[in-house]
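Undergrad: Numbering of the sequence shown is given in the UniProt record's numbering, commencing with residue 1 and proceeding in unit increments. Think of the CB as a built atom: it goes at the ideal place given N, C-alpha and C, for glycine as much as any other residue. What you are looking at is a predicted structure, and each value in this text was computed from that prediction instead of being measured.
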Amino acid sequence: MNPNPAGGDDRSFLAVDAARAAILGALAPIAGRERVAVRAALGRVLAEDVIAPCNVPAHDNSAMDGYAVRAADLTSAGESALAVVGTAFAGRPFSGMVGAGQAVRIMTGATIPQGADTIVVQEVARREHERVFIPAGQKKGQNLRHAGEDLAEGGVAIPAGKRCGPAELGLIASLGIAEVCVRRRLRVAVMSTGDEIASIGRPLGPGEVYDSNRYTLHGVLTRLGCELLDLGVVPDRPEALEEAFREASQAADVIITSGGVSVGEADFIREMMNRMGEVAFWKLAIKPGRPMAFGRIGDAVLFGLPGNPVAVMVTFYQFVQDALLQLMGVAPLPAPERFPVRAAFSMRKQPGRVEYLRGRLQRGGDGLAVAPAGAQGSGVLSSMSEADCFVVLPADCSAVQEGDTVLVQPFHGIV
């Protein structure tokens, strides 16, 4: 992990793409795995491929309610009259053979009877007592689901590196598998720093603010399925910070701090990182969130996030979340979802840095548009609650005019 991968000194500002590449390039998945029951695998990352022990579906079966017939018995002109010789249910197959001029009533999911090769849906068939009349125009093999069509025996059902969601749980269960091998949970230590930070539940003293950042980080890390070590609020004293960092680096894979990474006299995080470990960079060309440190202390990866609440969320979602997913073993990483919409606002912007506005999507007669959600100060956390997307303004942008096309990153994929 080399300091300042952009090649500049401490006054240089690292571009967003370079910072992201430097972070992901320095990290490898954690070691350690365990076997868990299928229901306990939700949100966990598979450590091994899930191999299909059987075909899914296990047998050729019907995709529709209707009649199982032989295509050779159907005429190309007019109706074909067939004798109905039985019924096939899902789980209770027809035990006989479909012979010439015969049909079997069949339900969705039922095994295809021997001799049949085509399913005629019940809506087009005409039934009279024990005979069924099939119209012309049927195709051989229609409405059949073949054995192994979904998953073939011996094939990879779900690859290692996949994070299990509800669909994956159902897929694993459809194979009759009771347990899967997953990577152990990522251990993340979280702390807030600063003498001005007050814990919730007591009155504020002069100049104090309540500690919201640990609660925000608790939310995003819990959603990711991390194992949390909450170190609380650490005062701006070098000995207290050193003790907290030493404890965290011995117990956790990742340390996340908020506050203490700018250039103020009492901002000790970067100094502590240099003394106890190493710093890769600490200034980013973004707004909000310019001061963000990345490095290591011992074997633990450290992210020193800014102190302002919105800057914490911006830097977490743009840099830290994918880093944690990579450490968890997720592969490939999900691509950030961004799409163009019309700007329903105008503003000037300082070139040279990527800016993340909190936005709210609007749908009207002219299609989709986006407008700022509340005040855009980096300490205005209510704007994140009101927003449903980031408006991502690139580094070379100097202004936005109403009606311009801008990129938005919706929250539903990240928050």
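Considering only DSSP beta bridges, list what Asp-230 is partnered with.
TA: DSSP lists Val-190 as partners of Asp-230.
Undergrad: Is it the case that the CB of Gly-403 approaches a heavy atom of the ligand SAH more closely than 8 Å?
TA: What this structure holds is no ligand at all, so the ligand SAH is not there to describe.
Undergrad: Within 10 Å of its beta-carbon, does Ser-398 have 16 or more other beta-carbons around it, so buried, or fewer, so exposed?
TA: Exposed, by the Cβ-count rule.
Undergrad: Rounded to whole angstroms, what is the Cα-Cα separation between Ser-95 and Pro-113?
TA: Distance between the alpha carbons of Ser-95 and Pro-113: 7 Å.
Undergrad: Going by other Cβ atoms of all chains shown within 10 Å of its Cβ, with 16 needed for buried, is Val-312 buried or exposed?
TA: Label assigned to Val-312: buried.
Undergrad: Can you give me the Cβ contacts of Arg-20 inside the same chain, cut-off strictly under 7 Å, excluding the 5 residues immediately before and after it?
TA: Correct list, in chain order: Phe-319.
Undergrad: Hey, would you say Val-391 sits closer than 9 Å to Ala-343, going by beta carbons?
TA: Cβ distance < 9 Å, so Val-391 and Ala-343 count as in contact.
Undergrad: DSSP beta-bridge partners for Pro-372?
TA: Pro-372 pairs with Gly-359.
Undergrad: For Thr-315, which three-state DSSP category applies?
TA: DSSP places Thr-315 in helix when its eight states are reduced to three.
Undergrad: Please return the same chain residues whose Cβ sits closer than 7 Å to the Cβ of Pro-235, not counting the five positions on each side in sequence.
TA: So the qualifying residues of the chain are Asp-195.
Undergrad: Rounded to the nearest angstrom, how far is the Cβ of Glu-34 from that of Arg-184, given a contact under 8 Å?
TA: Between Arg-184 and Glu-34 the Cβ distance is about 6 Å, and since that is below 8 Å, they are a contact.
Undergrad: So for residue 423, helix, strand or coil by DSSP?
TA: Residue 423 lies beyond the range of the chain shown here (1 to 415); nothing can be said about it.
Undergrad: Within this structure, are the beta carbons of Arg-360 and Met-384 separated by less than 9 Å?
TA: In this structure, Met-384 does not lie closer than 9 Å to Arg-360 by Cβ.
Undergrad: By the three-class DSSP mapping on this structure, what secondary structure does Gln-102 have?
TA: Here Gln-102 sits in strand by DSSP.
Undergrad: Rounded to whole angstroms, how far is the Cβ of Thr-118 from the Cβ of Gly-141, which I believe are closer than 8 Å?
TA: About 6 Å separates the two Cβ atoms, so the contact holds.
Undergrad: So, with DSSP's three-state summary, where would you put Gly-277?
TA: Looking at Gly-277 - three-state DSSP - the assignment turns out to be strand.
Undergrad: Put Val-38 into one of helix, strand or coil per three-state DSSP.
TA: Helix.
Undergrad: Can you look up Arg-145 in the DSSP assignment and give me helix, strand or coil?
TA: Of the three classes helix, strand and coil, the one that applies to Arg-145 here is strand, per DSSP.
Undergrad: Measure the CB-CB distance between Ala-248 and Ala-173 and report whether it falls below 9 Å.
TA: No; because the gap between Cβ atoms is not below 9 Å, this pair is not in contact.
Undergrad: With a threshold of 16 other CB atoms inside 10 Å of the CB of Thr-257, please say whether the residue is buried or exposed.
TA: Its Cβ being crowded by 16 or more others within 10 Å, Thr-257 is buried.
Undergrad: Considering only residues of the same chain and omitting the five flanking positions on each side of Val-45, which have a CB-CB separation below 8 Å?
TA: Closer than 8 Å at the Cβ level, and outside the excluded window around Val-45, lie Gly-161, Lys-162, Arg-163, Cys-164, Val-182, Arg-183, Met-328, Gly-329, Val-330.
Undergrad: Roughly how many whole angstroms lie between the Cα atoms of Leu-305 and Pro-291?
TA: Straight-line Cα distance between these residues: approximately 7 Å.
Undergrad: Within a Cβ cutoff of 7 Å, which residues of the same chain sit near Pro-410, ignoring the five residues on either side of it in sequence?
TA: So the list reads Glu-337, Asp-388, Cys-389, once near-sequence residues are dropped.
Undergrad: I need the straight-line Cα distance from Glu-58 to Phe-89, nearest angstrom please.
TA: Sequence check: residue 58 is Ala here, not Glu. In a straight line, the C-alpha of Ala-58 is about 15 Å away from that of Phe-89.
Undergrad: Nearest to residue 417 by CA position, among Glu-278, Ala-71, Val-380, is which residue?
TA: Lying before the first or after the last residue shown, residue 417 is absent from the chain, which here runs from 1 to 415.
Undergrad: Report the rounded CA-to-CA distance for residue 424 versus His-412, giving the unit in angstroms.
TA: This structure does not reach residue 424, given that the chain is present from 1 up to 415, and the question cannot be answered.
Undergrad: Counting only C-beta atoms, is Ser-385 closer than 9 Å to chain C at any point?
TA: The structure shown has no chain C; it contains just one protein chain.
Undergrad: Thinking C-beta only, is Val-314 closer than 9 Å to Gly-289?
TA: A contact, by the Cβ cut-off of 9 Å.
Undergrad: Need the endpoints of the alpha helix (DSSP H) that Met-384 sits in, please.
TA: Where Met-384 is concerned, the enclosing alpha helix (DSSP H) stretches over 382 to 386.
Undergrad: In terms of alpha-carbon separation, which member of Asp-404, Gln-321, Asn-55 lies closest to Arg-223?
TA: Nearest C-alpha to Arg-223: Gln-321.
Undergrad: CA-CA distance, Arg-39 and Gly-170?
TA: Using only the alpha carbons, I get a separation of about 9 Å.
Undergrad: Please name the residue in Asn-308, Gly-232, Arg-275, Tyr-317 whose C-alpha comes closest to that of Ile-297.
TA: Minimum Cα distance to Ile-297 is reached at Arg-275.
Undergrad: Buried or exposed, going by whether 16 or more other CB atoms sit within 10 Å of the CB of Pro-53?
TA: Exposed: under 16 other Cβ atoms inside 10 Å.
Undergrad: Report the residue from Leu-42, Pro-29, Ala-31, Arg-131 whose alpha carbon sits nearest the alpha carbon of Tyr-67.
TA: Measuring from the Cα of Tyr-67, the nearest candidate turns out to be Arg-131.
Undergrad: So, with DSSP's three-state summary, where would you put Ser-80?
TA: Three-state DSSP puts Ser-80 in a strand.
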